[in-house]
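Residue numbers (this note's numbering), protein chains in the order written: chain A, 1 to 353; chain R, 354 to 706. Ideal Cβ placement from N, Cα and C applies to all residues, glycine included. Quick caveat: nothing in here was measured; it's all calculated off a predicted structure. First up is the structure itself, then whatever we jot down about it.
Number of protein chains: 2
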Amino acid sequence: MPTLTAPAIHLPPDDSGRRGTRRVTSYDVANVAGVSQSAVSRCFKPGASVSKATYQRVMQAARELDYIPNAAARSLCTRRSNLVAVILWEQAILSHPGIVTELTQQFARRGMRAVLFTLASEADIDGTLAALWQHQVDGAIVAARLGEAHIAEFTRRALPFLLFNRPAGHEVNAVACDHYAAARTLAARLASAGHKRFALVSGPADSSVAQERLRGVCERLAELGLPRPLVVAGNFDYASGARAMREIRARSEALPDVVVCTNDMMAIGCIDTARTEFGLSVPCDLSVTGFDGSASSGWLSYNLTTMRLPIAEMALAAAEMFAGLMAGGAAPQQRLFSPVVVDGTTARLGPAA
Amino acid sequence: MPTLTAPAIHLPPDDSGRRGTRRVTSYDVANVAGVSQSAVSRCFKPGASVSKATYQRVMQAARELDYIPNAAARSLCTRRSNLVAVILWEQAILSHPGIVTELTQQFARRGMRAVLFTLASEADIDGTLAALWQHQVDGAIVAARLGEAHIAEFTRRALPFLLFNRPAGHEVNAVACDHYAAARTLAARLASAGHKRFALVSGPADSSVAQERLRGVCERLAELGLPRPLVVAGNFDYASGARAMREIRARSEALPDVVVCTNDMMAIGCIDTARTEFGLSVPCDLSVTGFDGSASSGWLSYNLTTMRLPIAEMALAAAEMFAGLMAGGAAPQQRLFSPVVVDGTTARLGPAA
DNA sequence: TTGTAGGCGTTATCAC
DNA sequence: GTGATAACGCCTACAA
Numbered sequence: 001m002p003t004l005t006a007p008a009i010h011l012p013p014d015d016s017g018r019r020g021t022r023r024v025t026s027y028d029v030a031n032v033a034g035v036s037q038s039a040v041s042r043c044f045k046p047g048a049s050v051s052k053a054t055y056q057r058v059m060q061a062a063r064e065l066d067y068i069p070n071a072a073a074r075s076l077c078t079r080r081s082n083l084v085a086v087i088l089w090e091q092a093i094l095s096h097p098g099i100v101t102e103l104t105q106q107f108a109r110r111g112m113r114a115v116l117f118t119l120a121s122e123a124d125i126d127g128t129l130a131a132l133w134q135h136q137v138d139g140a141i142v143a144a145r146l147g148e149a150h151i152a153e154f155t156r157r158a159l160p161f162l163l164f165n166r167p168a169g170h171e172v173n174a175v176a177c178d179h180y181a182a183a184r185t186l187a188a189r190l191a192s193a194g195h196k197r198f199a200l201v202s203g204p205a206d207s208s209v210a211q212e213r214l215r216g217v218c219e220r221l222a223e224l225g226l227p228r229p230l231v232v233a234g235n236f237d238y239a240s241g242a243r244a245m246r247e248i249r250a251r252s253e254a255l256p257d258v259v260v261c262t263n264d265m266m267a268i269g270c271i272d273t274a275r276t277e278f279g280l281s282v283p284c285d286l287s288v289t290g291f292d293g294s295a296s297s298g299w300l301s302y303n304l305t306t307m308r309l310p311i312a313e314m315a316l317a318a319a320e321m322f323a324g325l326m327a328g329g330a331a332p333q334q335r336l337f338s339p340v341v342v343d344g345t346t347a348r349l350g351p352a353a
Numbered sequence: 354m355p356t357l358t359a360p361a362i363h364l365p366p367d368d369s370g371r372r373g374t375r376r377v378t379s380y381d382v383a384n385v386a387g388v389s390q391s392a393v394s395r396c397f398k399p400g401a402s403v404s405k406a407t408y409q410r411v412m413q414a415a416r417e418l419d420y421i422p423n424a425a426a427r428s429l430c431t432r433r434s435n436l437v438a439v440i441l442w443e444q445a446i447l448s449h450p451g452i453v454t455e456l457t458q459q460f461a462r463r464g465m466r467a468v469l470f471t472l473a474s475e476a477d478i479d480g481t482l483a484a485l486w487q488h489q490v491d492g493a494i495v496a497a498r499l500g501e502a503h504i505a506e507f508t509r510r511a512l513p514f515l516l517f518n519r520p521a522g523h524e525v526n527a528v529a530c531d532h533y534a535a536a537r538t539l540a541a542r543l544a545s546a547g548h549k550r551f552a553l554v555s556g557p558a559d560s561s562v563a564q565e566r567l568r569g570v571c572e573r574l575a576e577l578g579l580p581r582p583l584v585v586a587g588n589f590d591y592a593s594g595a596r597a598m599r600e601i602r603a604r605s606e607a608l609p610d611v612v613v614c615t616n617d618m619m620a621i622g623c624i625d626t627a628r629t630e631f632g633l634s635v636p637c638d639l640s641v642t643g644f645d646g647s648a649s650s651g652w653l654s655y656n657l658t659t660m661r662l663p664i665a666e667m668a669l670a671a672a673e674m675f676a677g678l679m680a681g682g683a684a685p686q687q688r689l690f691s692p693v694v695v696d697g698t699t700a701r702l703g704p705a706a
């Protein structure tokens, strides 16, 4: 049995001359503990077979030397890094900061870390993915538009991924929200409350979420035989909501009954402008609705009538689904959530028609 | 000169039998290109010396095989992962989502990626740091309270780090904001506009930022000989601002002249409650001020008088400073920014006194 | 400029 | 249960 004073045959006695001080490796621990390097390795692997005595000697030595396993080296052998790429559109972070906090915390709970990629626009994906492949992430959560080619590349690399809050075909994992159905519901309930002339504020052209919301409202209105809505352009931020309100007022001789915005931020911009610049009362003179259920939509000044996305639940579902993907690939599944009607005070809602 | 049909001596001809398909390595590329592995390696290193012919052959082969260098392996040799840990308090993300987007994009521009750690409370740091040491991050940006022991551990591990928007001693790198001075300025300008009786809404007990802001206001008021302000507790969110307003009204027979909140979110909660529940006019019946310059503070409904943090500039500075730390350790430096007075309409400001 | 050989720190395999 | 030994995929002298 090796003694505690056995020479450190594997290692130079001190600094190896590289930049910085030499790191403490499992060999160092092995030498101090008087065991083999593989014994040390096993002690740091959850379900390994080590005798109690060995385990304690190793852990004692590890503590003395302040040894911490090197994740890069481990990743090289195991092909697992415990890193998950999270790809988010910048706008998504700004309107739902909770996505970031919920996802990272859910992952942390499972021993995983999030590497964050933010896109200035949904189109920037290509460069981001290139960076992704190098870092050995175990998978990705993508809240951005992913083309067929991108999806194919993920599967070709056998890299698990799931789409978050984005429409998906049946072949991919996804945690999503049925924006289209929600938009139809909203349109119907607004109509049944007596709103007839609709104005719509669209979102950024490359946002599929905005498009679905828009399409849902338009189609439902058409089915109900209501006049074609006035559609003005927005890009999801406050200022564009304010601009949209001005444009709506300028372009229509009579105000519409309701302005349906494809997100909350724009709805708030609309309301502020209607109230402040035009002296209108919401909802007496004009109804306004949003989409998202962001924190500010609930503030007393607005109490917005909107469709709330269950972000926390979705983040939890995403983390769970991802853990499942890691454990063993089941068939692609989709978990679909429904936005929740928030019956605020900026628009009257009738029963679903 | 080796021919293109040279046998792949380093590699088994096909799948090695491990789980998943074998990855494409630089040896594969070398074989196809008919060069040595090190030649391939050099081609992927920015400033290496490779002949044009070799470079093109290698790149052609890499493209055919769809080869991408393995960051984990590279990290093992170079001791650089191009990963930066970003440690943020959850509250910071919710009130300044821009921190996340700006930091990640600035890093991306420099070829680095952010590994995000979010803390539910500033005290959770210990567990987070333990996770940090394993992943071979090149350094960390910390927007959370860091004790002396933590700082010592960073330096002991020779891991570059910088504090973001947190007070720091002279021995550590930091990008910070002078909340104390800003708070003094705000107090002085409110006083010189005639406000005499102050109420203050504090922040979470473990937030150093909130404490500095509170201290700055209190001390300046004392210096100006004004009566001691009424301090009520808040925790930085909207609801606590609303509660604070109710408490202020309940605890004072006459309303104060101004309610100084230690952040914008609470100021907005105050204003909404004052207007909606108590029918007060801000600023006619009551002035309210915030701190942060968050997006919503500029909305028409509020147009908050506040002190804006130059988050984007600070993020840029942080990324730059971090790049500097990577390049070569200069002496610890601090870059101090000053919050900018936003002369909104929720409180009158006089000249600095 | 190019190739050879050794190392980075760990896990996995297989005898013992 | 334990210890040699071979990967893992790349970088970096060093020699040619």
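Decide if residue i is buried, meaning its Cβ has at least 16 other Cβ atoms within 10 Å, or exposed.
i: R:Val613; result: buried
i: A:Ser51; result: exposed
i: R:Leu553; result: buried
i: R:Leu689; result: exposed
i: R:Arg604; result: exposed
i: A:Val340; result: exposed
i: A:Asp237; result: buried
i: A:Ser49; result: exposed
So, for residue i: in the same chain, excluding its five sequence neighbours on each side, which residues have a beta-carbon less than 8 Å away from its beta-carbon?
i: R:Leu669; result: Glu455 and Gln459
i: A:Val217; result: Ala183, Arg184, Leu186, Ala187, Phe198, Leu200, Pro229 and Val260
i: A:Ala319; result: Leu103, Gln106, Phe107, Arg109 and Arg110
i: R:Ala484; result: Phe470
Give me, in chain order, the residues of the same chain whose beta-carbon lies closer than 6 Å to that of residue i; leave out the 5 immediate sequence neighbours on both sides.
i: R:Ala414; result: Val382, Val385 and Ala386
i: R:Thr626; result: Ala595 and Met598
i: R:Val562; result: His532
i: R:Pro580; result: none
i: A:Pro69; result: Phe44
i: R:Arg573; result: Arg537, Ala540 and Ala541
i: A:Pro160; result: Gly139 and Leu325
i: R:Ala361; result: Because R:Ala361 carries a pLDDT of 33, less than 50, the predicted location of this residue cannot be relied on, and the following value inherits that uncertainty. Around R:Ala361: Asn384.
i: A:Ala193; result: Arg348, Leu349 and Gly350
Let me make sure I understand the geometry here. Which of the options has the alpha-carbon closest to that of residue i?
i: R:Leu653; options: A:Gly169, A:His170, A:Gly293 and A:Gly279; result: A:Gly279
i: A:Gly234; options: A:Leu162, A:Ala318, A:Gly269 and A:Arg166; result: A:Gly269
i: A:Gly203; options: A:Phe322, A:Ala53 and A:Ser95; result: A:Ser95
i: R:Ala544; options: R:Leu577, R:Met667 and R:Ala521; result: R:Leu577
i: A:Ala356; options: A:Ala48, A:Ser26, A:Arg57 and A:Ile99; result: Within the shown structure, residues of chain A are numbered from 1 to 353, placing residue 356 of chain A beyond reach of any answer.
i: R:Val411; options: R:Ala401, R:Val393 and R:Gly547; result: R:Val393
i: A:Ala53; options: A:Thr276, A:Val35, A:Tyr67 and A:Asp66; result: A:Val35
i: A:Gly290; options: A:Ala327, A:Gln91 and A:Val258; result: A:Val258
i: A:Ile87; options: A:Leu116, A:Thr276, A:Arg275 and A:Ala130; result: A:Leu116
i: A:Gly147; options: A:Met112, A:Asp126, A:Ala327 and A:Gln134; result: A:Asp126
Between which two residues does the alpha helix (DSSP H) harbouring residue i extend?
i: R:Thr454; result: Pro450 to Arg462
i: R:Leu429; result: Ala424 to Thr431
i: A:Gly216; result: Ser208 to Glu223
i: A:Gln56; result: Lys52 to Leu65
i: A:Gly269; result: Asp264 to Thr276
i: R:Phe675; result: Ile664 to Ala680
i: A:Val32; result: Ser26 to Ala33
i: R:Ala597; result: Tyr591 to Arg604
i: R:Phe551; result: Where R:Phe551 is concerned, there is no enclosing alpha helix (DSSP H), although the beta strand (DSSP E) it sits in stretches over Phe551 to Val554.
Name the two residues that bound the continuous beta strand (DSSP E) containing residue i.
i: R:Cys637; result: It is not in any beta strand (DSSP E) - R:Cys637 carries neither H nor E in the DSSP assignment.
i: A:Thr306; result: Thr306 to Arg308
i: A:Phe337; result: Gln334 to Phe337
i: A:Ala85; result: Leu83 to Trp89
i: R:Ile494; result: Gly492 to Ala496
Throw me the rounded Cβ distance for the residue i and residue j pair, which I believe falls under 8 Å.
i: A:Arg348; j: A:Ser287; result: 7 Å
i: A:Leu304; j: A:Gly344; result: 5 Å
i: A:Val84; j: A:Val137; result: 6 Å
i: R:Val695; j: R:Gly646; result: 6 Å
i: R:Met674; j: R:Leu515; result: 6 Å
Might you give, ordered along the chain, the residues of its own chain that have their beta carbon closer than 7 Å to the beta carbon of residue i, omitting 5 neighbours on each side?
i: R:Trp442; result: Leu472, Glu475, Ala496 and Ala497
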